[in-house]
Amino acid sequence: MLQTLSIKQFAIIEELEIQFSDGLTVLSGETGSGKSIIIDAIGQLIGMRASSDFVRHGEKKAVIEGIFDIDESKDAIHILKNMDIDVDEDFLLVKREIFSSGKSLCKINNQTVTLQDLRKVMQELLDIHGQHETQSLLKQKYHLTLLDNYAESRYQDLLDKYHQTFQNYKAKKKELEDLESADQALLQRLDLMKFQLEELSEAHLKEGEIERLEIDIKRIQNSEKLSLALNNAHMTLTDENAITDRLYELSNHLLTINDIVPNKYDKLKEDIDQFYYILEDAKHELYDEMANTEFDEQVLNEYESRMNLLNNLKRKYGKDISELIAYQEKLNNEINKIENYEQSTSQLREEINALYNQVIEVGQALS
């Protein structure tokens, strides 16, 4: 509903504001008093063609603004949200500026929109019935809207159920049509998909495997250098000048000091002892690592062969390992879908028939 109309510098109108109340509003006056100009101004709000003739003589532009109550216009609110326009659930501000150059600017809630978008929104809010004009009452689409609006208060739950059931029915029909149209193409691809699935399945793909292989290959390739470094590190902890021995001696000295000066160096001794045990653990860990570090050409060849296989699959399919695993799952699902085509179509037809009967049943309840 149009609540407020503001007109500035439009035709012969310098400035005018009209507040509309609920119910019927009648504009009366003698011929030439400006009734049709007000209708023309309202027409600009619904997207009628603008003209520089509408701009008041000597002015740069004409401005028409309308405030609409859209609380009950669900279709308009839906369109506005799809256009990413901020919507107040109660009111809508529509503005049309017409310049003396003949150009015009449309705004909805202070956001600039195209004339086409303005018309799309306003056709849900305002209808002008003029002599010899095409009227929405003659449009078949509008007949259903009128009927739904009439039934809304009494049959809203039933109406919602009908809409939802009908949408489900259309969705299932489309799913069946897509399946039938894609059937031949899918059958032609079946052999290729089976080959690809077998190739990927035999590869036993695992997340993060390439990263682990890179570490293992680098380790074996540098086993001699790694072994020397491990040995030197171990020697630092085990030779005659080993730091662990020095820490052990230091701990004993602090123990002697503690007998003379109690408690003063307790914290220091605790830290030294803790560091000593950490290095003792490190010594054993380094020793175990040394025992497991050796150059094994056979293992290296196996790792490199595996790496080549994975890299070849990545290049062939243009996907990384994670994407290949997902693609393998997709292939498996598509193959099952094709092989179960008859069962799938039969089940869909049953669902479509059931939904169709529901649509008829709810439709008859609405009639």
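Heads up: the sequence shown begins at 1 in full-length UniProt numbering, then just goes up one per residue.
From the three backbone atoms N, C-alpha and C, an ideal C-beta is built for every residue, glycine too.
Spell out a yes or no on whether the segment 106-126 and the segment 77-87 are touching, meaning 3 or more CB-CB pairs, one atom from each, closer than 8 Å. yes
Give the secondary structure of residue 315 by DSSP, where H, G and I count as helix, E and B as strand, and everything else as coil. DSSP, read as helix, strand or coil, puts residue 315 in helix.
Own chain, CB closer than 7 Å to residue 375, minus 5 neighbours either side, in chain order: Residue 375 lies beyond the stretch modelled for the chain, which goes from 1 to 367, so this question has no answer here.
Please list, in chain order, all residues of the same chain as residue 126 whose beta carbon is under 6 Å from its beta carbon, the five residues on each side excluded. Cβ within range, chain order: 46.
Could you name the residues of the same chain whose beta carbon sits closer than 6 Å to that of residue 325, not counting the 5 residues immediately before and after it, in chain order? Result list for residue 325: 205, in chain order.
Kindly indicate which three-state DSSP category residue 440 falls into: helix, strand or coil? The requested residue 440 does not occur in the structure, where the chain is confined to residues 1 to 367.
What is the DSSP secondary structure of residue 4, counted as helix, strand or coil? The answer is strand: DSSP assigns residue 4 an E or B state.
Helix, strand or coil, according to DSSP, for residue 288 in the structure here? helix
On the three-state DSSP scale, how would you describe residue 277? In the structure shown, residue 277 falls within a helical segment according to DSSP collapsed to helix, strand and coil.
Exposed or buried, which one is residue 9 when buried takes at least 16 other CB atoms within 10 Å? buried
Does DSSP classify residue 166 as helix, strand or coil? helix
By a C-beta neighbour count over all protein chains shown, 10 Å radius and 16 as the cutoff for buried, is residue 40 buried or exposed? buried
contact_flag[the segment 258-267, the segment 236-249] where n(CB pairs < 8 Å) is 3 or more: no
I need the DSSP call for residue 61, collapsed to helix, strand or coil. strand
Alpha carbon of residue 158 to alpha carbon of residue 359, nearest angstrom: 11 Å
Cross-strand partners of residue 264 (DSSP beta bridge): Beta-bridge pairing links residue 264 to no other residue.
Within 10 angstroms of its Cβ, does residue 54 collect 16 or more other Cβ (buried), or is it exposed? buried
Exposure label - residue 68; buried when at least 16 CB within 10 Å: buried
Output the distance between the C-alpha atoms of residue 364 and residue 169, rounded to the nearest integer angstrom. Using only the alpha carbons, I get a separation of about 16 Å.
For residue 44, count neighbouring C-beta atoms within 10 Å of its own C-beta (all shown protein chains included) and say buried if the count is 16 or more, exposed if not. Classification for residue 44: buried.
For the candidate residues 60, 15, 338 and 343, whose alpha-carbon lies nearest to that of residue 190? 338
Thinking C-beta only, is residue 307 closer than 8 Å to residue 217? yes
For residue 14, the first and last residue of its enclosing beta strand (DSSP E): 13-19
Return the first residue and the last residue of the beta strand (DSSP E) that residue 85 is part of. It is not in any beta strand (DSSP E) - residue 85 carries neither H nor E in the DSSP assignment.
Expressed to the nearest angstrom, what Euclidean distance is found between the alpha-carbon atoms of residue 60 and residue 103? A direct Cα-to-Cα measurement between residue 60 and residue 103 gives close to 11 Å.
Within 8 Å, strictly: CB atoms of residue 213 and residue 287: In this structure, residue 287 does not lie closer than 8 Å to residue 213 by Cβ.
Chain-order list of residues whose beta-carbon lies under 8 Å from that of residue 269 (same chain, five-residue window excluded): 251, 254, 255 and 258
Does the CB of residue 226 have a neighbour CB from chain C at under 8 Å? As a matter of chain content, chain C is missing from the structure shown, which is built from one protein chain.
Alpha carbon to alpha carbon, how far is residue 367 from residue 335? Give it in angstroms, no decimals. 45 Å
Helix, strand or coil: which one does DSSP assign to residue 66? strand
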